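Read through the structure below, which is laid out as structure tokens, and then see the notes.
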Amino acid sequence: MSSANFDSLLSATTATLERIANEFTPAVFASSLAAEDMVLTDLILRNKLAIAIFSLETGRLHAETLGMLDRIKETYGSEIALFKPEAAAVENYVASNGLNAFYDSVEMRKECCRIRKIEPLNRALAGNKAWVTGQRRAQSTTRTELNVQEDDAAHDMQKFNPLADWSEEDVWHYIRSNNVPYNPLHDKGYPSIGCEPCTRAIQPGEDVRAGRWWWENPESKECGLHVVDGKLIRIKSVAN
Ligand code: SF4
3 MSSANFDSLL
13 SATTATLERI
23 ANEFTPAVFA
33 SSLAAEDMVL
43 TDLILRNKLA
53 IAIFSLETGR
63 LHAETLGMLD
73 RIKETYGSEI
83 ALFKPEAAAV
93 ENYVASNGLN
103 AFYDSVEMRK
113 ECCRIRKIEP
123 LNRALAGNKA
133 WVTGQRRAQS
143 TTRTELNVQE
153 DDAAHDMQKF
163 NPLADWSEED
173 VWHYIRSNNV
183 PYNPLHDKGY
193 PSIGCEPCTR
203 AIQPGEDVRA
213 GRWWWENPES
223 KECGLHVVDG
233 KLIRIKSVAN
């Protein structure tokens with residue numbers, strides 16, 4: 003993409019974020035602390051936009067991912083709100099099934115994701131008019147219809163994907179150009195980063211999602227945060 007086209011893309015994305023902040027109060031951004039989400043974090047915090055940022059602290063994240071919280075505070079002087087699973091639900095799951103029961107079956111894995119991700123996400127979104135994600139159209143072969151703005155009927159609010167039109171190169175161009183902090187795992191073969199026991203590095207040529215829940219059939223690889231008509235979200239790495 004030429005620099006003129008990138009500048010145009012960036013202007014449109016900034017305008018979208020400004021519109022969310024001004025017209026959908028209160029609005030929240032669900033950050034996984036991954037590369038795309040650091041672009042949005044940078045745009046929101048540098049422009050002092052009224053969009054609250056939160057992250058789901060599942061209790062099973064990599065140390066490198068948790069380290070991003072300190073790096074954000076050092077860089078921007080802002081703290082990211084953390085939403086954690088209900089302690090009793092986690093304790094019951096672990097006591098009944100074991101700490102790593104998600105390896106045993108898809109049902110056990112989805113129940114762990116429900117407790118550690120879905121319930122906290124729903125709590126974080128409650129009471130807001132809109133939420134923001136770092137999803138991109140180019141990440142998905144089944145989401146060619148991903149729009150910048152969507153009606154999220156399940157949460158009864160608007161859902162914005164301001165980076166819908168961005169490529170992987172655009173993301174890294176922004177990060178390098180603006181010295182945005184990013185998760186060091188991205189430099190170690192982790193294009194997609196989730197919980198530590200459920201994420202591994204991938205080899206060149208592998209699907210970006212190959213490192214997520216790698217022991218399962220591809221058809222079941224969905225945590226439930228971004229279900230689209232019940233279809234699996236597939237991601238291809240531009241770098242590969
Ligand atoms: S990604 Fe793994 S550890 Fe994290 S909530 Fe889902 S099953 Fe549990």
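Residue numbers (the working numbering): 3 to 242.
Each residue gets a CB set at the ideal place from its N, CA and C atoms; glycine is no exception.
Remember, it's a predicted structure, so these values are computed and weren't measured experimentally.
(1) L11 to E171, Cα distance in whole Å?
(2) Note the first and the last residue of the continuous beta strand (DSSP E) segment covering M159.
(3) Determine the direct distance from the alpha carbon of P183 to that of T16, and round the result to whole angstroms.
(4) Would you give the residue range spanned by the alpha helix (DSSP H) that I74 belongs to?
(5) Taking the straight line between their C-alpha atoms, what separation do you get for L101 and Y95?
(6) How far does the beta strand (DSSP E) with W217 in it reach, from first residue to last?
(7) Put R21 into one of helix, strand or coil per three-state DSSP.
(8) Could you name the residues, in chain order, whose CB is less than 6 Å away from a heavy atom belonging to ligand 1?
(9) Give me, in chain order, the residues of the same chain whose beta-carbon lies closer than 7 Å to that of L58; leave out the 5 immediate sequence neighbours on both sides.
(10) Looking only at DSSP bridge pairs, what is A83 linked to?
On the basis of the supplied data:
(1) 13 Å
(2) 159-162
(3) 19 Å
(4) 65-78
(5) 8 Å
(6) Per DSSP, W217 belongs to no beta strand (DSSP E) and is neither H nor E.
(7) helix
(8) T60, R62, F104, R111, C114, C115, R118, K119, G196, C197, P199, C200, C225
(9) F85, K119, P122, L123
(10) F56
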